[in-house]
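Visitor: Structure provided below as structure tokens; questions to follow.
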Amino acid sequence: MITSILVTGEGSSDMGGSNNGHSISSGASYNLGPMALLAVRLLRNILPTWNEDYLDFRSPTDWITCISGNELARQAKNVRKHRPSKKLKKGFVEHANRATTMAGYAKDNGHQLAFYFHDTDKCDFDDLHQSIMLGFNGAEGVHGIPMIPKPTSEAWLICGQKQDPYAHCTALETELSGNDAASDENAPKKVLARLLGQEATTEQQYEMVTGIDITRIDMPSYNQFKTDLTTAIEGVCGHGTARTL
125 MITSILVTGE GSSDMGGSNN GHSISSGASY NLGPMALLAV RLLRNILPTW NEDYLDFRSP
185 TDWITCISGN ELARQAKNVR KHRPSKKLKK GFVEHANRAT TMAGYAKDNG HQLAFYFHDT
245 DKCDFDDLHQ SIMLGFNGAE GVHGIPMIPK PTSEAWLICG QKQDPYAHCT ALETELSGND
305 AASDENAPKK VLARLLGQEA TTEQQYEMVT GIDITRIDMP SYNQFKTDLT TAIEGVCGHG
365 TARTL
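Okay, so the sequence shown: first residue is 125 according to our numbering, each after it adds one.
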């Protein structure tokens, strides 16, 4: 049964964060971010119907705890469990250690699921995904879910906002740049701003996620997230219990 989840991200514009300066927040002290809302919406659609009674989706901050990326990095300094290997490239060890740290915190505090958000940016998606999964592996009772938009979370939003919504969105993963300083045609933030007529605030991104059709986004990075979430849900609730979108 899923009754509590843990999330982490890069800042308030993705998974959200504390509204009182604390590094770990939940309930009234936690501002749910746009990508955390997307995770909640997908969770509700994939979760077995019998488990819905144990989660109040009208107030998700009651059962979600957010640990800031900085706090996770601080705690991870004491882990140092992973070393570069064939499965873990040198530049990604930090993510593996953070995922291991996150899994440990989740286990100690009764969270069944742990969402690790990080934009692909200019990294290799497969290397980043593998490093996070490697970090989560071995944490008994905790199921980790990498949430890795490619190249950034704006790409997922652009899919539903562009002139032909939800069509040919796979191309966005290669056409858009992971560099915010890229041209107006390639930088995700600039492309999204052009579609809206202004730079998208966190609040506007939240509203976009509220109205987006989560069943129609078809992008490799998004589909991987759905697959990982489904696997995690069934790891807790039982094989074959997850619903399909």
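Note that the Cβ used here is the ideal one computed from N, Cα and C, for glycine as well.
Since the structure is predicted, the reported quantities are computational estimates derived from the model, not experimental observations.
Along the chain, which unbroken stretches of the alpha helix (DSSP H) at least 4 residues long are found entirely within the region 140-191?
Guide: DSSP runs (the alpha helix (DSSP H)) wholly in the region 140-191: 158-170.
Visitor: Can you tell which of Thr351, Thr173, Gly268, Ala295 has the C-alpha that lies nearest to the C-alpha of Ala76?
Guide: This structure cannot speak to residue 76, because the chain is shown only from 125 to 369.
Visitor: Given this structure, state the Cα-to-Cα distance separating Leu382 from Glu309, to the nearest angstrom.
Guide: No answer is possible for residue 382: the residues shown for the chain start at 125 and end at 369.
Visitor: Check whether the Cβ atoms of Gly372 and Arg222 lie closer than 9 Å to each other.
Guide: Since the first residue of the chain shown is 125 and the last is 369, residue 372 is not available in this structure.
Visitor: Would you mind working out which of Arg165, Phe181, His146 sits nearest Thr127, comparing C-alpha positions?
Guide: When only C-alpha atoms are compared, the closest one is Phe181.
Visitor: Contact check, Phe239 vs Ile129 under 8 Å by CB: the rounded distance?
Guide: Sure, about 7 Å apart at Cβ, within 8 Å.
Visitor: Label Ala295 either buried or exposed according to how many other C-beta atoms from any shown protein chain fall within 10 Å of its C-beta, with 16 as the threshold for buried.
Guide: The residue in question, Ala295, is exposed, as its Cβ has fewer than 16 Cβ neighbours within 10 Å.
Visitor: Between Ser150 and Thr189, is the Cβ-Cβ spacing less than 9 Å?
Guide: Closer than 9 Å, so yes.
Visitor: Would you tell me roughly how many angstroms separate the C-alpha atoms of Gln287 and Leu319, rounded to the nearest one?
Guide: C-alpha separation (whole angstroms): 8 Å.
Visitor: State the DSSP-derived secondary structure class of Val315, mapped to helix, strand or coil.
Guide: If DSSP states are grouped into helix, strand and coil, Val315 belongs with the helices.
Visitor: I'd like the span of the beta strand (DSSP E) that includes Pro270, first residue to last.
Guide: Segment 267-271, the beta strand (DSSP E) holding Pro270.
Visitor: Looking at the strands, I want to know which residues DSSP matches up with Phe239.
Guide: Answer is Val131, Ile269.
Visitor: If I'm right that Leu162 touches Val333 with Cβ under 8 Å, what's the distance once you round it to whole angstroms?
Guide: Between Val333 and Leu162 the Cβ distance is about 5 Å, and since that is below 8 Å, they are a contact.
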